[in-house]
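Under this note's numbering, the first residue of the sequence shown carries the number 164, and numbering increases by one thereafter. The beta-carbon is built from N, C-alpha and C at its ideal position, and this holds for glycine as well. Every value quoted in this text rests on a predicted model; they were computed, and no experiment measured them. The block underneath contains the structure these notes are about, expressed in structure tokens.
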Amino acid sequence: YSTIKCRDLSALMHELSNDGARRQFECYLEEMVLPLMVASAQSGERECHVVVLTDDDVVDWDEEYPPQMGEEYSQIIYSTKLYRFFKYIENRDVAKSVLKDRGLKKIRLGIEGYPTYKEKVKRRPGGRPEVIYNYVQRPFIRMSWEKEEGKSRHVDFQCVKSKSTTNLAAAAADIPQDQLVVLHPPGPQVDELDTLPHLPGANDPHQPLVGQGLETNPGSNQQAQENPSQAGHSQSHSNQQHSSSQNTYRYDPDPDTPSPSA
């Protein structure tokens, strides 16, 4: 007989259970889990999702309305002993440590709901059927034998530092000179009436008005009656002079501009 003396029996039994769980799971791994991993790898998969059911569990899915959760890609192990083993979270931690020591990646162990059989079918308002399955809480193992997704082994992407600034002067300093756009302030608004040409003598008080220059001359009228052809010729000549005077513009010098004599 052997006698074991220990003051903290809880810690002692915990360590003994860990050692026993490690040896037991290594046997389960070789006998039950590894064949399913090989089957998944032969079908081209890079990971394996194993659900542990009891020996009495029955899986009966409707072929027309299967569960819409991706359980069709899961591997099933019918073993009540393995189910009882994974019922303890301490055993799941030991199993995860064993799988990690074997070089597996993305290891997840836990308890999840798994659909076993169809209970009933309900009709939604739109006429689409909704199948209700019976779910049972069972342990699962998920692991991968490849490196983590999204990490490339051959391409090294460099991170470009993003630069943002609220200082407009500093931001303008980074712009190339050929891309700079100089913005000039808008000039004073000019009314359309200011752009019209000034008529000669419009602002000169000494110039006679247009109405004042058209006075009645009896002698000229009599001369026009005596010689109508000469009057028509002179009238056409005056019209040409009038049209030429209308097309001539005179611009007054700016009073603010100093004269050369000054």
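Exposed or buried, which one is residue i when buried takes at least 16 other CB atoms within 10 Å?
| i | result |
| --- | --- |
| residue 179 | exposed |
| residue 174 | exposed |
| residue 221 | exposed |
| residue 172 | exposed |
| residue 167 | exposed |
| residue 306 | buried |
| residue 295 | exposed |
| residue 262 | buried |
| residue 255 | buried |
With which residues is residue i paired in a DSSP beta bridge?
| i | result |
| --- | --- |
| residue 211 | 306 |
| residue 225 | None, per the DSSP bridge assignment. |
| residue 216 | 241 |
Does the distance from the C-beta atom of residue i to that of residue j stay below 8 Å?
| i | j | result |
| --- | --- | --- |
| residue 298 | residue 276 | yes |
| residue 203 | residue 238 | yes |
| residue 200 | residue 190 | no |
| residue 293 | residue 281 | no |
| residue 218 | residue 241 | yes |
| residue 308 | residue 268 | yes |
| residue 215 | residue 246 | yes |
Assuming residue i is part of the alpha helix (DSSP H), what are its boundary residues?
| i | result |
| --- | --- |
| residue 252 | 252 to 264 |
| residue 191 | 172 to 191 |
| residue 198 | 197 to 205 |
Which stretch, first to last residue, makes up the beta strand (DSSP E) that contains residue i?
| i | result |
| --- | --- |
| residue 241 | 238 to 241 |
Next on the checklist: Just to confirm the assignment: which complete beta strand (DSSP E) runs, minimum length 3, are found wholly within the stretch 267 to 317?
Outcome noted: The stretch 267 to 317 contains these whole beta strand (DSSP E) runs: 268 to 286 and 292 to 307.
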